[in-house]
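Engineer:
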Amino acid sequence: MPLTRRHFQKLLGSVITIPLIKSCRASEEKPQEDTHIITNKNNIVLSTWNNQRANLTAMGVLDTDNSDLLTAIEKGINTVEADPNDMSVGYGGRPDRDGNVTLDACIMDKNGEAGSVTYLQNYMHPISVARKVLESTPHVILSGSGAAKFASEQGYESVDLLTDKSKAEYAEWLKKAEYSPKVNIERHDTIGMIARNGIGEMSGGCSTSGLAYKMAGRVGDSPIIGAGLYVDGEYGCATATGLGELVLENCTTFLIVELLRHGYDVQSACEEAIKRIIKKNNTKDIQVGVIAMDIKGNTGAYSIQKGFNYVKSEGKNTTLNEANSYYR
Ligand code: ASP
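Residue 34 in the working numbering sits at position 41 of the sequence shown; the count goes up by one each step and never skips.
Next up, the structure:
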């Protein structure tokens, strides 16, 4: 049997890792009993953009077994990956400027362990492959042809991800071949999903075909831990959508969760992370949106521009909400 990351960590942890981590924490951090008082016993799922079907699918999994957060995330995101009408994710996603659909995705579990694929071609469900990376390999990220080889070995079927619609749009785009990421139109529709169960465990996932007509080889924020997604089982989780380069340069979701650790409430953490991007960049025509949740189930959302919406499901309720934005 191959040595997976989890076997490796178990082996190492029993010898040195756990005592080392414990001794650092004891000296550097105050005890956090307060953060762990769980009063909200509902399952909660948040997704970027109007991904209601994904949310309902994830909630359905949690209603059956609320400990199975990874399956909730995977199955929820799978619905969007398989939808040819969502042109920013999976099947039907807009190609790069060479006409190839290249997919990025990552997933993180309640312990902060992660799996990711970048620049994956011809597989409809990158989030499922990312989960396999998490669960069956000693690595965090597999990329390009290596990720595709792994997907094939795991039994996933290779498919053409272009649709008649995406081919026709691409042919039209080629006439001018101008590259201009646009605010809030479908070119930003990445699904980032974060979920928490009634005992305060959290997980998240993110899946995208990236920016339409990007350069061949470009990888965005969505599959990068701490950029497109971050989960810290002690404090909270966050996911991002929008112009990935700015999210990457600012470690946006890591920052949000780190701010939670330092006592920010979840809405203020989202706002501070977006303002950090605005301070460093000309964001007049650029969109980045974030959603986040703390360990207690409080949620936040914020974006640079108007028009960023997200779906929140809690208990029996699912609502589409517009986030507050910096520019109004
Ligand atoms: N963040 C994604 C990327 O840059 C795009 C998006 O959110 O639509 O690849």
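Even glycine gets a Cβ: it sits at the ideal position worked out from N, Cα and C.
Go to N314, then tell me how far its alpha helix (DSSP H) extends in each direction, as first and last residue.
Structural biologist: It is not in any alpha helix (DSSP H) - N314 instead sits in the beta strand (DSSP E) that spans 310 to 315.
Engineer: Relative to the C-alpha of N243, which candidate in C199, L253, E265 has its C-alpha closest?
Structural biologist: Nearest Cα to N243 within the set C199, L253, E265: E265.
Engineer: Tell me whether I192 is buried or exposed, calling it buried when 16 or more other Cβ atoms sit within 10 Å of its Cβ.
Structural biologist: exposed
Engineer: Could you name the residues of the same chain whose beta carbon sits closer than 8 Å to that of D61, not counting the 5 residues immediately before and after it, in chain order?
Structural biologist: Once the five neighbours on either side are set aside, the close Cβ partners of D61 are V54, L55.
Engineer: Please list the terminal residues of the continuous alpha helix (DSSP H) segment that includes T41.
Structural biologist: It is not in any alpha helix (DSSP H) - T41 instead sits in the beta strand (DSSP E) that spans 37 to 41.
Engineer: Assign D157 to one of three DSSP states: helix, strand, or coil.
Structural biologist: Note: D157 maps to helix in three-state DSSP.
Engineer: Less than 8 Å between the CB atoms is what I'm expecting for T201 and V94, so what's the real figure, rounded?
Structural biologist: That belief does not hold up - the Cβ atoms of T201 and V94 are roughly 11 Å apart, past 8 Å.
Engineer: Please check the pair A220 and T246, which I expect to be a contact at CB under 8 Å, by giving their CB distance rounded to whole angstroms.
Structural biologist: Sure, about 6 Å apart at Cβ, within 8 Å.
Engineer: Please confirm whether I37 and A231 have their CB atoms less than 8 Å apart.
Structural biologist: no
Engineer: To the nearest angstrom, how far is it from the Cα of K343 to the Cα of V250?
Structural biologist: As shown, the chain starts at -6 and ends at 321. That puts residue 343 outside it, with no answer to give.
Engineer: Roughly how many angstroms separate the alpha carbons of E67 and L49, rounded to a whole number?
Structural biologist: 12 Å
Engineer: Quick one: does the C-beta of S215 sit closer than 7 Å to a heavy atom of ligand 1?
Structural biologist: For ligand 1, at least one heavy atom lies less than 7 Å from the Cβ of S215.
Engineer: Relative to ligand 1, is the shortest distance from any of its heavy atoms to the C-beta of G290 smaller than 7 Å?
Structural biologist: no
Engineer: Taking only three categories from DSSP, how would you classify F301?
Structural biologist: coil
Engineer: What's the call for S20, buried or exposed, on a 16-neighbour Cβ count within 10 Å?
Structural biologist: A caution first: S20 carries a pLDDT of 40, below 50, which makes its placement in the model too unreliable to give a value.
Engineer: Regarding S60 and ligand 1, is the C-beta to nearest heavy atom distance less than 7 Å?
Structural biologist: no
Engineer: With distance defined between alpha-carbon atoms, name the residue in A233, N104, D102, K169 nearest to G203.
Structural biologist: A233
Engineer: Excluding the five sequence neighbours on either side, which residues of its own chain have a C-beta within less than 8 Å of the C-beta of V152, listed in chain order?
Structural biologist: Y84, N115, Y116, M117
Engineer: Grab the span of the beta strand (DSSP E) containing G198 for me, first residue to last.
Structural biologist: From DSSP, the beta strand (DSSP E) with G198 extends over 195 to 201.
Engineer: First and last residue of the alpha helix (DSSP H) that includes R46?
Structural biologist: 45 to 57
Engineer: By the 10 Å Cβ neighbour count, where 16 or more other Cβ atoms means buried, how is Q165 classified, buried or exposed?
Structural biologist: The displayed chain sequence assigns Glu, not Gln, to residue 165. Exposed, by the Cβ-count rule.
Engineer: Compute the Euclidean distance between the alpha carbons of R211 and T32, then round it to the nearest angstrom.
Structural biologist: 43 Å
Engineer: Put E146 into one of helix, strand or coil per three-state DSSP.
Structural biologist: helix
Engineer: Alpha carbon to alpha carbon, how far is S16 from N190?
Structural biologist: The predicted model places S16 with a pLDDT of 36, which falls under 50 and marks its position as unreliable; any figure quoted below should be read in that light. Between S16 and N190, the C-alpha separation is close to 30 Å.
Engineer: Starting from I184, follow the beta strand (DSSP E) in both directions and report where the run begins and ends.
Structural biologist: 184 to 189
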